[in-house]
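Mapping the sequence shown onto my numbering, position 150 (from 1) lands on 172, and the numbers just tick up by one.
Take a look at the structure set out below.
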Amino acid sequence: MNFYQEKTAQNITVILADDHEIVRVGLKRFLSIDQSIQIIAEATNGEDAVTLTVLYRPNIVLLDINMPRMDGIRAASEIKKQAPDVKIVMLSAHEDSYHLEKALGAGANGYLSKEIEAKELLPALQAVMRGERVFSRSILQLIQRNSASIDDNSGAAVSLTKREQEILGMVVKGLTSSEIADKLSISPRTVETHRFNLITKFGVKNTAGLVRFAVLNENGS
């Protein structure tokens, strides 16, 4: 467990949680290039990640999944219970629906593959701070494969129109109805209608349910 200086208002404060020192060193070296990023602590296991997050309340926790003492999924869930305003971005070698769904269910705001290029990391953190959900390219491709035909709660396949697939993809990224409307050149009311139809089709209660349905499994793709 390592901790550093106090956070300052103008910075994006980050805690790194990964049991591999080489990963933490690489992340710290790259992120420290940008003066807007401030690494305030490091954790080598899930328990320390939770403790440090509750203590220092960073803007973002970059969280590995496979860690000793408490895995990243459990750590994410605990962080959201104790520090719900903190953003969580999973940075994992796992690129499958099972771990993605577990991470989203635990409250993760994003899921990045460890195969991403270093230059993609900073824009992802900035997007999370704007309230967006972030996914690396391989994870987005997984979501898109799964979203074309998804099983609803009754076990029946739910087919989505091309427009519904477009809107679901943007919802997954965290875009608001107004932002989606601007991108698709349609009215926010039309977006809300599509969003309501998606919620109805999947039998879920809210937008979070839509996101989880988009990544449940690959059997419906």
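All C-beta atoms in this analysis are idealised placements derived from N, C-alpha and C, irrespective of residue type, glycine included.
Source: prediction; values computed, not measured.
| message | Rounding to the nearest angstrom, what Cα-Cα distance links Pro145 and Asp56 in this structure? | response | One C-alpha to the other measures close to 11 Å.
| task | Assuming Leu113 contacts Leu126 (C-beta within less than 8 Å), just tell me the rounded distance between them. | result | In this structure Leu113 is not in contact with Leu126, their Cβ atoms being roughly 15 Å apart against a cut-off of 8 Å.
| query | To which residues of the same chain is Leu200 closer than 6 Å at the C-beta, ignoring the five residues directly before and after it? | reply | Checking the sequence shown, residue 200 turns out to be Ser, not Leu. Taken in chain order, the residues that qualify are Pro210.
| For Ser171, three-class secondary structure by DSSP | In this prediction, Ser171 has a pLDDT of 48, which is less than 50 and means its spatial position is unreliable; what the coordinates show is noted afterwards. Correct three-state label for Ser171: strand.
| Minimum C-alpha distance to Arg96 - residue among Glu69, Asp41, Tyr120, Lys141 | Nearest option by C-alpha distance: Glu69.
| Any heavy atom of the ligand SAH closer than 8 Å to the Cβ of Arg152? | This structure lacks the ligand SAH; in fact it carries no ligand of any kind.
| query | Can you list, in chain order, the residues of its chain whose CB lies under 7 Å from that of Gly153, leaving out five sequence neighbours each side? | reply | Excluding residues within five positions, the ones whose Cβ falls inside 7 Å are Gly196.
| said: Rounded to the nearest angstrom, what separates Asn131 and Arg155 at their Cα positions? | reply: Roughly 5 Å separates the two Cα atoms.
| Start and end residues, beta strand (DSSP E) containing Met112 | Looking at the DSSP string, the run of the beta strand (DSSP E) that includes Met112 is 109-114.
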